[in-house]
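To start, the structure under review is shown below, and the notes come after it.
Below is the structure:
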């Protein structure tokens, strides 16, 4: 983790309410303080209406706070002169694949962002090529964008953000409509972006997905209810249940075994970790041989 | 709301609905003697009410261009032939939006729902009067026939447009209309 | 446009499209979209401004020549005309029989009861029919040979000079682009709505033609279709803003249209032909020819 | 042709979209499937495998182009059957059905089906009440604007709209997609209680393997328009090779058993739900002490 470095995004004392449609304004965010650092992978979870998507939209100035401030680098999101700099630094991938495609061909859709930044045509070509390459869509340049599969559309949306050379990409429930394979590809792409130094902030209902992040932020009624590394957050299962959430399935099983498994180090959040934990426990008592001929190397170190 | 991006997008999306209504034939309601009532102009009215007169002009232009294209490439009814003339198909449609918008703006203070309904009627009648007027001026049809069509088609179209405009805009803006509660 | 083959009861997706691009990659396809748009505009001017039968025949010949070199199968072109033909004939007949012809000298060809057919009314009937045929074929030609993407680029580039007069060329092109992009989405949503309501007992079968019944069934389909579209519009606005869209100012373009000599040549040739056709109309060439053969009855 | 308790029987069904145009897309290529009374049938497959097309045949939205579909004794190939009756008895819930609410008020939307059936006012009211209460919505919500309900409430309302037809078979396409954990759990609870009536049946299409593991009795795996695997849920969901080859994932419990066996532990793979997985490990650990 890179907490020592200057934060990429800094939110302080954020308040926001939705006006219209209902007699009273509906408060969505109530005093949020949060920092996102370069290269960090943050998952934001919470029940419907907890303010997740609203929070995300403050990070690229799609929304401006009623009170409090958001800075991206040193740019305040309230200042219109910085809008282009902020939004090119913080890209966003939305939930509905179809609704975020602007142009009718793949290459033009990727070019849409940098075109708005006034990038010259030669440099545009290069950016489009690099961005498509990064998400594995090379060769699709002239395809009709609406004819792609849902998973490909989401990767196209990532390429479209990457073409603006961002420092951070926000994902707003971007995996929720994908099938298992499309989801896995998208999650792997997110992880790859992260390892290249980009910050990734993802909003999700899927706790297994959240478990992949460096940090999990739990929202409840517009406030941060819990945050920390996945293990420390998912260790508090009862707290999560009270907030209408759950833990990843392996963690849930581990919690139910809590009396029988001592969990030498930390609570498991993946199937591999849980299996290791159980196997380790049994080996300890000599129930199975120490070295296991069937195991071709654990899935995690 | 004065967001230029939203104006462009709403114009494009409402234009798409108008084209869809034409291409799918959803936009035609069978009526007397094989003639059809149309509601393809309703997206123009709704777009103008939501985003202003220029958006109405843009959607009107798309509606017009499509009826020109349809008249030329795949005419479905007899009247389509006339619509290859842009003076019939495009020019009159440009004014639907602005007139509907004016009606809405003028009456909004009095009653939102009434303003929507009258705006729908005004926009629809603009379409009827100007298209038929163009047919008359270009001497495609005698004025007597035009008068008859204006009454038999224009009036029910205006009613349909008003109903649809009220239903859509009220739902979008979450305005309760008429009764408070369901009829269950 | 939807091709008249029998779809299943609810099938909309893939059948609701604009235009009918046929990628045969011919010379005509390779023309700059701007050139094609200008040419069809010139054609429209010629068709509207000239009432010379000879002139329109020249235009028809020109369009036909282009259709052949664009390698568009004859069947496709005629498909579009066929439904209009009976009505066209009726209109032409009305023009000939009912609408009184005007002109300096009318030679009556045939007379019966109230009807009288003159040479001029015959000409007028033929011109009326030909006008439609030429325009229809011209527009079909462009739609057969130009993809919708090319078309939007063409529109944007053509309108660009008008920006100095305050016409928002970029926005106009974007509107057209979004319309085209949304059409398949709308078709899919509409199909879903239709099926969902049929699943809940709505009856969309044929034979229910009353206005009220029809309107009552249309409303539950159209209201959600509009609402879904408006929601989608909001989502697209967000997506565009998230990608730094702040209007057309300062934008560059990935696709650069480059006009070749053949494009200039094509537009030039079209303007010359159209000028000739308009000239033929202005001197009333048919009148001159007729007068040179037949004397004017007094 | 069918045993007495067979509600739906699909034989060698094939379907091609835009048939007869240059843009033909084959969607189903010979699918057979049986839905028996009292069973919940899970249909899994990646996006584009033809799940939705198959579902639309089950209530006659699509008629068979090739093959046969028998629903509650009627053959869909027969043009003279009462198709509206079939659509009433087989309730189809589309993906994201909350987008399709069209009446301003919640109660009227639920009443659409009963009114289309031509029921009396009192009967309509009773059906709306029962349907709303079945999905856990208070009857008082009938006078609320649908636009003011939450997403979870809107989805349950849409489900109530189908239940108000009092169907015998419920067909659902991705019913839990996009719901938060609480919304998902309450929907799954409702489905399993609804299915406990032995005369009823559920067909559930999804790529969420946990939902399938929790609810299904029988599972069909559809890939590129063909059934590649079918049988009792316990057998199918443990066939990791086929599931993974079909771009699907494994239920957590199955994945866990696999991982434990790889580590040399003596576990069978036949636990399906998290409860079973937990019990299995408990047994292991007890043996240990």
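Chains as they are written, first to last, in our numbering: chain A, 190 to 490; chain B, -9 to 174; chain C, -19 to 278; chain D, 694 to 982.
For glycine and all other residues, C-beta sits at the position ideal for the given N, C-alpha and C.
For chain C, check one thing: does any of its Cβ atoms lie closer than 8 Å to the Cβ of residue i?
i                      : result
residue 368 of chain A : no
residue 932 of chain D : no
residue 315 of chain A : no
residue 787 of chain D : yes
residue 262 of chain A : no
Below 8 Å on C-beta distance, what does residue i contact in chain C?
i                      : result
residue 987 of chain D : For residue 987 of chain D there is no data in the structure shown, the boundaries of chain D being 694 and 982.
residue 855 of chain D : 179 and 180
What is the residue span of the alpha helix (DSSP H) that residue i lies within?
i                      : result
residue 94 of chain B  : 86 to 97
residue 28 of chain C  : 13 to 29
residue 744 of chain D : 744 to 751
residue 393 of chain A : First-last for residue 393 of chain A: undefined, no H or E at that position.
residue 302 of chain A : 295 to 305
residue 368 of chain A : First-last for residue 368 of chain A: undefined, no H or E at that position.
residue 38 of chain C  : 33 to 49
Please compile the residues from chain D whose C-beta is within a distance smaller than 7 Å of the C-beta of residue i.
i                      : result
residue 174 of chain B : 800, 801, 804, 817, 818, 821 and 835
residue 206 of chain C : Under the 7 Å cutoff, chain D gives no residues; its nearest Cβ is about 10 Å from residue 206 of chain C.
residue 173 of chain C : 793
Is the shortest distance between the beta-carbon of residue i and the beta-carbons of chain D less than 8 Å?
i                      : result
residue 217 of chain A : no
residue 188 of chain C : Residue placement at residue 188 of chain C is poorly supported in this model, since its pLDDT is 49, which falls under 50; the coordinates are not used for a value here.
residue 470 of chain A : yes
residue 164 of chain B : yes
residue 148 of chain B : no
residue 17 of chain C  : no
residue -10 of chain C : yes
Could you check which residue in the options has the C-alpha nearest to that of residue i?
i                      : options                       : result
residue 71 of chain C  : C:87, C:161, C:104 and C:51   : C:104
residue 89 of chain B  : B:124, B:70, B:72 and B:47    : B:47
residue 252 of chain A : C:232, C:252, C:238 and C:221 : C:221
residue 105 of chain B : B:111, B:94 and B:113         : B:94
Pull up the distance between the alpha-carbon of residue i and that of residue j, whole angstroms please.
i                      : j                      : result
residue 269 of chain C : residue 277 of chain C : 15 Å
residue 188 of chain C : residue 74 of chain B  : Low confidence applies to residue 188 of chain C: its pLDDT is 49, below 50, so where it sits in the model is not reliable, and the reading given next is rough at best. Straight-line Cα distance between these residues: approximately 31 Å.
residue 782 of chain D : residue 365 of chain A : 31 Å
residue 700 of chain D : residue 212 of chain C : 39 Å
residue 81 of chain B  : residue 118 of chain B : 13 Å
residue 893 of chain D : residue 716 of chain D : 39 Å
residue 249 of chain A : residue 63 of chain C  : 54 Å
residue 251 of chain C : residue 286 of chain A : 46 Å
residue 343 of chain A : residue 736 of chain D : 25 Å
residue 207 of chain A : residue 210 of chain C : 18 Å
Show which residues of chain C have a CB atom less than 7 Å away from the CB atom of residue i.
i                      : result
residue 157 of chain B : 199 and 203
residue 272 of chain A : 226
Does chain B have any CB closer than 8 Å to the CB of residue i?
i                      : result
residue 4 of chain C   : no
residue 840 of chain D : yes
residue 69 of chain C  : no
residue 797 of chain D : yes
Residues of chain C with CB under 9 Å from residue i, in chain order?
i                      : result
residue 322 of chain A : What residue 322 of chain A touches in chain C: nothing, since even the nearest Cβ is about 16 Å away.
Would you mind telling me which residues of chain D sit closer than 8 Å to residue i, beta carbon to beta carbon, in chain order?
i                      : result
residue 365 of chain A : 870 and 871
residue 161 of chain B : 797 and 840
Assuming residue i is part of the beta strand (DSSP E), what are its boundary residues?
i                      : result
residue 109 of chain B : Run containing residue 109 of chain B: none in the beta strand (DSSP E); it sits in the alpha helix (DSSP H), 102 to 127.
residue 354 of chain A : No beta strand (DSSP E) holds residue 354 of chain A; DSSP gives it neither H nor E.
residue 911 of chain D : 911 to 916
residue 199 of chain A : 198 to 207
residue 224 of chain A : 215 to 225
Find the residues of chain D that neighbour residue i, judging by a C-beta separation of less than 9 Å, and give them in chain order.
i                      : result
residue 442 of chain A : 945, 946, 949, 967, 970, 971 and 974
residue 171 of chain B : 798, 800, 835, 836 and 837
Measuring only between beta-carbons, confirm whether residue i sits less than 8 Å from chain A.
i                      : result
residue 942 of chain D : yes
residue 230 of chain C : yes
residue 52 of chain C  : no
So which residues on chain B does residue i lean against when the C-beta distance must stay under 8 Å?
i                      : result
residue 286 of chain C : Limits of chain C in this structure are -19 at one end and 278 at the other, which puts residue 286 of chain C out of reach.
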